[in-house]
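Chains as they are written, first to last, in the working numbering: chain A, 1 to 131; chain B, 1001 to 1131; chain C, 2001 to 2131; chain D, 3001 to 3131; chain E, 4001 to 4131; chain F, 5001 to 5131.
Using N, Cα and C, we set each Cβ at its ideal position, and we do this for glycine too.
Everything on this sheet refers to the single structure shown next.
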């Protein structure tokens, strides 16, 4: 069963993060093999695979969570995932601005700039597209 | 226009937080009048009133954000809002568990317990229902 | 010199926290003696003793910092310190609401309620008054 | 393999948290079954089961991490785990005070008080002892 | 009234952030128009415009809050605002070091370096001066 | 006694951070002299000098704490300190991955990459070696 989750996790991860995500997780797996396996088997294959919210709405949640932590690199990856799952730019911007009265303006503004940067580069970055 | 936003904000706030929210914001307004006005005019009347994500999905985002901060009282209020906006218990639990690999288990577990506590008391708490 | 700082720190601490603070730091010193000594010698006797900002304005800074961390017990103590250093209730409330767009509403609101609670009990709590 | 991890995770968890932990995780599992399973299989059975640091030193790390988040309920549980793994009170107090210049005094002090409270109740709480 | 706040907010913002702030908020407004408007109308025109603490002391509070979040870009902007409102370098450094026992050394040290960097470049950056 | 702590703190700091740390603390001391002195006298000479946990295990704790804050520059310095105190790469990686279910994946992953980067450069950086 665990191998099923691992394979399912890979499919979900790559459908959100593309070639760029594949390379990034491979690097992490080289640094910390057990953690690298958990990224697929536990995080994507178990948690993200849950059935009640679709991936697009899960990604809005995670954009917000990473914004609230000021983890801008993670915000960037979740924004790319949301685009791959069919979110519009307007929805992504609203997911971020909805957080403004809760996480404060510095992290809201920083996350908005990261999102816009992803939008601006989206066309030219084939390694970001779902695989 | 500003008064329009204030009135619209009141409607949105009460549709999520009920009588209990009305009393709570009234207390805050007595402590800090300008801030109390901003809760309706800015937070609910401007930010929550944005058109691209419906209130239920905004509430999933805010459940997650408040969980990530360990602000359990705020998690509780957002969970009540989500129920008032038609969310199922399964969706709310999944909004929280989706955060587990991002915010960590202490805050995930604390938020799950808060959500369950709201579910358990929901029937008997008329002051939590949308007005 | 270190003993000078320790004694100076005691004076500053008690001028902000009163009898209640004396007891609280005594408890911490019993749990962790070296840390208890550092509270007086380092925190109050070195850091708080710096000359460029007066204690009242340092306390506004620390009310805000503890509010930003959601450490409400610490917010309460800093609010008491500010009152002992001559701050008005209006200044304290404004120090907190100034943070709203930076730390978010849950922690702003929680801190406002703590401050009001201190104001409400101030008259009857002799153990909070400067010594 | 996954069931092996689940069983191993249970043994590790109960050796740190005792009967009290068993009941707590059972409650969480009722609220969120997939998450409850992950607590044993992923958190304890995979992460805690790693071979290079012993459980006592892992628990010092986690006391510090939970202290840095201001998650005092989690600090309490990790302190209990450390006692069950043979840590002395002096080591636990030093694990917390080591964090003081990094996480700040409010969370250091709050965590010290939680630790002392566990020490004070340890003898009488059979449900905290390793099983 | 709302337009009054918007105009007042612009004046306050530019008196702290200069030409550089004008350009930055214009970029944010292009990304998220309603949020950009709120920066002037709500944040500067309502919150910063409150009467009980002057802008210089509000800026010390916000330097501390942004330092406590590890949001160094925001620390930089608040330091520039403080200089424009007449704060001395000694006061700014003391506002930051006052936080050391509360926010920890990593964020204190990072903020001190940011402040020094602003001081070093201040003369040559006309776009940072109040307008 | 205070000068003893200052000298002892210097020895501990340099045994962890090498020439690079010496230069860094000298810069901070120039910016904020009293804080620079406290880094040696209080942080290293008092807190780190405590007797119950050895420096290697204190450094695992501090790697975890700085990881939990997302303060990657500080994580890097603590990783260097751990190597200087005889930790293996496997132990350091496990100290970080132990935190994953508590601090979340973004900060775990960011810290793993920082650690690997230190490992990769270790041989060529004489200024990082203990003095």
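Let me know if residue i comes out buried or exposed under the rule of 16 or more other beta-carbons within 10 Å of its beta-carbon.
i, result
"residue 1077 of chain B", "buried"
"residue 5088 of chain F", "exposed"
"residue 2101 of chain C", "buried"
"residue 4058 of chain E", "buried"
"residue 2095 of chain C", "buried"
"residue 3007 of chain D", "exposed"
"residue 5091 of chain F", "buried"
Taking 8 Å as the cut-off, decide whether the C-beta atoms of residue i and residue j are in contact.
i, j, result
"residue 3107 of chain D", "residue 3073 of chain D", "no"
"residue 3028 of chain D", "residue 3039 of chain D", "yes"
"residue 1111 of chain B", "residue 1082 of chain B", "no"
"residue 2032 of chain C", "residue 3103 of chain D", "no"
"residue 1055 of chain B", "residue 1085 of chain B", "yes"
"residue 2013 of chain C", "residue 3097 of chain D", "no"
Ignore the nearest five residues each way along the sequence and tell me which others in residue i's own chain have a CB closer than 8 Å to its CB.
i, result
"residue 1010 of chain B", "1040, 1044 and 1045"
"residue 4114 of chain E", "4072, 4075, 4076 and 4079"
"residue 5002 of chain F", "5041"
"residue 1030 of chain B", "1036"
"residue 4125 of chain E", "4020"
"residue 1117 of chain B", "1076"
Would you please state the rounded distance, in angstroms, between the beta carbons of residue i and residue j? I believe it to be under 8 Å.
i, j, result
"residue 5122 of chain F", "residue 5020 of chain F", "In fact, because the Cβ distance is near 12 Å, the residues do not count as touching under 8 Å."
"residue 16 of chain A", "residue 64 of chain A", "Rounded, the Cβ-Cβ distance is 16 Å, inconsistent with contact."
"residue 5130 of chain F", "residue 5018 of chain F", "6 Å"
Starting from the C-beta of residue i, find all residues in its chain whose C-beta is less than 7 Å away, skip the five residues before and the five after it, and write them out in chain order.
i, result
"residue 2119 of chain C", "2089"
"residue 4026 of chain E", "none"
"residue 5022 of chain F", "5014"
Please return the same chain residues whose Cβ sits closer than 6 Å to the Cβ of residue i, not counting the five positions on each side in sequence.
i, result
"residue 1005 of chain B", "1041, 1045 and 1046"
"residue 1060 of chain B", "1095"
"residue 48 of chain A", "12"
Note to self: Give me the subset of the segment 5046 to 5073 of chain F whose CB atoms are less than 9 Å from a CB atom of chain I, sorted by chain position.
What the structure shows: The structure shown has no chain I; the protein chains it does contain are A, B, C, D, E and F.
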